[in-house]
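S.K.: This is the structure, below, for whatever I ask next.
Right, here's the structure in full:
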């Protein structure tokens, strides 16, 4: 997050205002603006809360950073499940989800 006393805060605010005007104009005119905003962003805009780990991209989302999301899932599953990675790997569902190599593209 940007600190409240940051010297670049006025520039950032100006850019957000411009983005807001652009989106408002696009909505009013019926244009679709291909702005890749995440579901977590919309949840925050609507005043909801997000789980930081759940906000990370997951494998198959088609975005960069999927590996980080997979690692976050691994950590979350490990935290609420069996006490050792060996026990997790023995679980067929978990193994299929995290231990299989990605499909080869032809």
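Numbering (the working numbering), first residue to last: 584 to 689.
Think of the CB as a built atom: it goes at the ideal place given N, C-alpha and C, for glycine as much as any other residue.
#1: Go through its chain and collect everything with a Cβ distance to residue 607's Cβ below 8 Å, but skip five positions before and after it.
#2: Out of 594, 680, 599 and 675, which has the shortest C-alpha to C-alpha gap to residue 657?
#3: Just verifying my parser: in three-state terms, what is the DSSP assignment at residue 602?
#4: Are the CB atoms of residue 585 and residue 592 nearer to each other than 8 Å?
#5: Closest to residue 624 by C-alpha separation, out of 635, 670 and 676, would be which residue?
M.R.: The answer reads as follows:
#1: none
#2: 680
#3: helix
#4: yes
#5: 635
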